[in-house]
Amino acid sequence: MYFPPHLMMRTNSHRRYCAAEKRIAVDASDAEQFCCNAVDLNRQVFLNGASDSLKARLRQAGFTPVITHCRVHESRWRGQVLTLN
C-alpha cells in the first residue's frame, strides 16, 4: 500500500520494485490512519483503521483486513506513536 501524493513528491522508484497489479493506493483519509504502515501476517493485514473501500480492495486482492484500533499519541522525541488499545 502506498499514498501516491507522498511518493510522487519523493520518487517513483516504487514502480520499479513493485508491479502495478500488486500496488494498492490509499487516499488521504486512509493515509492519516497509518494504513501504509500495515503489517501482513499470513495474508491477514493488520491496520489501525481503514475505509470500507480499502478493506474491499484488500479482500479483492486476497487479504483479510484486521482493524486493531490503535491510538495515536504525540511524542516529544519522535513525533507520533501508535499504541494498541
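Mapping of the sequence shown onto numbering that gives the first Met the number 0: residues 0 to 84, in sequence order.
Cβ coordinates follow ideal geometry from the N, Cα and C atoms, glycine included.
Remember, it's a predicted structure, so these values are computed and weren't measured experimentally.
Cβ of residue 55 within 8 Å of any chain C Cβ: In the displayed structure, chain C is absent; only one protein chain is listed.
Distance between residue 24 and residue 87 (C-alpha atoms, nearest Å): Residue 87 lies beyond the range of the chain shown here (0 to 84); nothing can be said about it.
Simplified DSSP assignment, three categories, for residue 90: Look at the range of the chain in this structure, 0 to 84, and you will see that residue 90 is not part of it.
Per-residue DSSP class, three states only, for residue 24: In this structure, residue 24 counts as strand in the three-state DSSP scheme.
7 Å Cβ shell around residue 61 - same chain, five flanking residues per side excluded: The residues are 42.
Best match in 1, 68, 57, 50 for proximity to residue 28 [C-alpha to C-alpha]: Answer by Cα proximity: 50.
Pair within 8 Å by beta-carbon distance, residue 63 and residue 44: For residue 63 and residue 44, yes; Cβs fall inside 8 Å.
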